[in-house]
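Encoded as structure tokens, the structure appears first; notes follow it.
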Amino acid sequence: MCTNVFINKNEYKVEARSMDFPMNIAFQNCISYVGIDNTMDIVIDADKIPDSQLTSWKTRYGFFGRLAFDKCLTDGLNTQGLSFSFLYLDVTKHPTFNPEDKRKVLSVYYIGNFLLSMAKDVPEALKLIAEHQLVGGALELKPGTFVKNIPIHFSLRDSKGNTAVVEFVDGEVKVYENKGNILTNAPTYDWHLENIKEYKSLLEPFEGSNSQFSDKTINYKDTVSSSRPEVAQLIGMPGDFSGVSRFVRAYILSQLVPEPQSNREACFHASSIINNVAVPPYEVSMTLWTTIKDLKNLIVSYKDIAAYQGNSPTGVYAAGINEGYISYDLNAMNFTDVPPEANKHIIKPTPKEKVIEIVNMSDVVGLERQ
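Residue numbers (full-length UniProt numbering): 1 to 370.
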């Protein structure tokens, strides 16, 4: 699941996201250093792709974020104010390698690592995407075992207010540039952009009744009569935790909050909205952690909320209620002096003999619940 919200109304650019998933994922913080050499790791169809066609790059910009499967950037911010977030999209079908396409090859699973390393803003990131052939791939779950077909889409935001959403549908790359500031899950992004039009009346000042929802809401008249106008205005806004409802709720709330008058206020707005769409543990894809990213001041804050224990969906370890966000200031980080432990996060092709099996996401305990 997951939700991404971008407060993008004036000079303050703050992003929030939740990580909702049926297994513990992406709790690992990482720093990516400047000057690191990487070469794309594909795993699937690796023998069909010439070594010369694998994308290689030297990290231009440092970034800080969270990793899944030890190397895959799931969420992060670079020193130029470019932000990246992976979210789940179950209708995804990744492109496959086309030998007639001579562009350098990128795995979609490492595209966040690549873009935050090499792009300073959304337009530059989209240019890089267009210049490369994107394919699926596989991630190492444990030594020798790799998992494929993890369906994802991703958002890009930058400190200038540019935004993009990239999806992989029917084997094609779909790019939506500057189309909106909210992202959740299925259906596809273009569907959400059409669906939200059905709720635009919730943004209008309330004048006694909203004909679009008065006949669809249980006890509408009683609810209206017992509510202040600004409260009654939102009667009809969906409150469940489906990707559709979270998108609508986050969109409506992001439109209604006032323009922030300070950076602190923008962070508060982002936090308030992401809390409103956080998934409680009644559902197997509960919210595990949230983040607030200040794209202009380069401050990333993470809050771990809960973690699963064992394979039971009810085995949950909850963080203490007094445990809040921990902030990380990229301005204070040293991205040039590379410590030895950073080498384990370098991306490079996996030798064929180290690939024992490749399994579908649905075969992994925990992930099949998604």
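Note that the Cβ used here is the ideal one computed from N, Cα and C, for glycine as well.
Would you mind reading off the limits of the alpha helix (DSSP H) that contains residue i?
i: N275; result: N263 to V277
i: V153; result: Before going further, note that residue 153 is His rather than Val in the sequence given. Unbroken run through H153 is the beta strand (DSSP E), I152 to D158; no alpha helix (DSSP H).
i: N334; result: Careful: N334 lies outside any alpha helix (DSSP H) and carries neither H nor E.
i: F241; result: Careful: F241 lies outside any alpha helix (DSSP H) and carries neither H nor E.
i: T184; result: Run containing T184: none; DSSP gives neither H nor E here.
i: F213; result: S211 to S214
i: Y189; result: Y189 to N195
i: A232; result: P229 to A232
Excluding the 5 residues preceding and the 5 following residue i in the sequence, name in chain order all residues of the same chain whose CB lies nearer than 8 Å to its CB.
i: N98; result: Q133
i: S227; result: I235
i: T96; result: D45, V135, G136 and G171
i: Y199; result: G236, M237, V248, Y251 and I252
i: residue 371; result: Residue 371 lies beyond the range of the chain shown here (1 to 370); nothing can be said about it.
Between which residues of its own chain and residue i is the CB-CB distance below 6 Å, once the five residues before and five after are set aside?
i: T184; result: T3, G243, R246 and F247
i: D20; result: M1, C2, V279, S285 and T287
i: Q212; result: S201
i: L141; result: V147
i: R369; result: For R369, the predicted structure reports a pLDDT of 46, less than 50, and the residue's modelled location is therefore unreliable. The matter cannot be settled from this model.
i: N360; result: N149
i: Q233; result: F206
i: Y109; result: C72, G137 and L139
i: T336; result: V34
i: E100; result: none
i: residue 371; result: Limits of the chain in this structure are 1 at one end and 370 at the other, which puts residue 371 out of reach.
i: T290; result: S18, I274 and K303
Residue range of the beta strand (DSSP E) that residue i falls in?
i: V91; result: First-last for V91: undefined, no H or E at that position.
i: N58; result: Position check: residue 58 holds Lys in this sequence, whereas Asn was assumed. S56 to K58 is the extent of the beta strand (DSSP E) around K58.
i: F6; result: T3 to I7
i: H132; result: H132 to V135
i: Y317; result: V316 to A318
i: N113; result: Premise fails: N113 lies in the alpha helix (DSSP H), I111 to M118, not in any beta strand (DSSP E).
i: V173; result: E172 to E177
i: S225; result: Careful: S225 lies outside any beta strand (DSSP E), inside the alpha helix (DSSP H) at Y220 to S225.
i: Y308; result: A306 to Y308
i: N162; result: No beta strand (DSSP E) holds N162; DSSP gives it neither H nor E.
i: E140; result: A138 to K142
For residue i, which residues in the same chain have their Cβ closer than 7 Å to its Cβ, ignoring the five residues on either side in sequence?
i: R103; result: E131, H132 and Q133
i: G315; result: Y308 and Q309
i: A186; result: L89, D90, V91 and G243
i: K354; result: G144
i: H269; result: I7, V257 and P260
i: C267; result: V14, I292 and D294
i: F241; result: V279 and E283
Assuming residue i and residue j are in contact, meaning their beta carbons sit under 8 Å apart, how far apart are those beta carbons, in whole angstroms?
i: S262; j: I292; result: Not confirmed; about 14 Å, so no contact.
i: Y88; j: I152; result: 6 Å
i: E172; j: A164; result: Contact flag wrong, Cβ pair sits at about 16 Å.
i: T79; j: G65; result: In fact, because the Cβ distance is near 12 Å, the residues do not count as touching under 8 Å.
i: I129; j: L139; result: Not a contact, Cβ separation roughly 20 Å.
i: T74; j: A68; result: 5 Å
i: G144; j: I356; result: 3 Å
Is any heavy atom in the ligand COA found nearer than 7 Å to the beta carbon of residue i?
i: Y12; result: The ligand COA is not part of this structure, which contains no ligands at all.
One question on the structure: do residue i and residue j come within less than 8 Å of each other, judged by their Cβ atoms?
i: V135; j: H94; result: yes
i: V122; j: N162; result: yes
i: G112; j: G76; result: yes
i: P349; j: D41; result: yes
i: D158; j: G81; result: yes
i: V91; j: T217; result: no
i: S117; j: W57; result: yes
i: K303; j: Y317; result: no
i: N24; j: A307; result: yes
i: L126; j: V175; result: yes
i: I274; j: A16; result: yes
i: V43; j: G137; result: yes
i: F86; j: F154; result: yes
i: S254; j: I7; result: yes
i: K9; j: H345; result: no
i: L203; j: L156; result: no
i: V277; j: S18; result: yes
i: V14; j: D222; result: no
i: D47; j: K352; result: yes
i: P260; j: Y12; result: yes
i: N38; j: I347; result: yes
i: L115; j: F84; result: yes
i: residue 402; j: V5; result: Because residue 402 is not part of the residues shown, which for the chain are 1 to 370, the question remains open.
So, do the segment 329 to 337 and the segment 293 to 309 have three or more beta carbon pairs nearer to each other than 8 Å? At 8 Å Cβ cutoff, the stretches touch.
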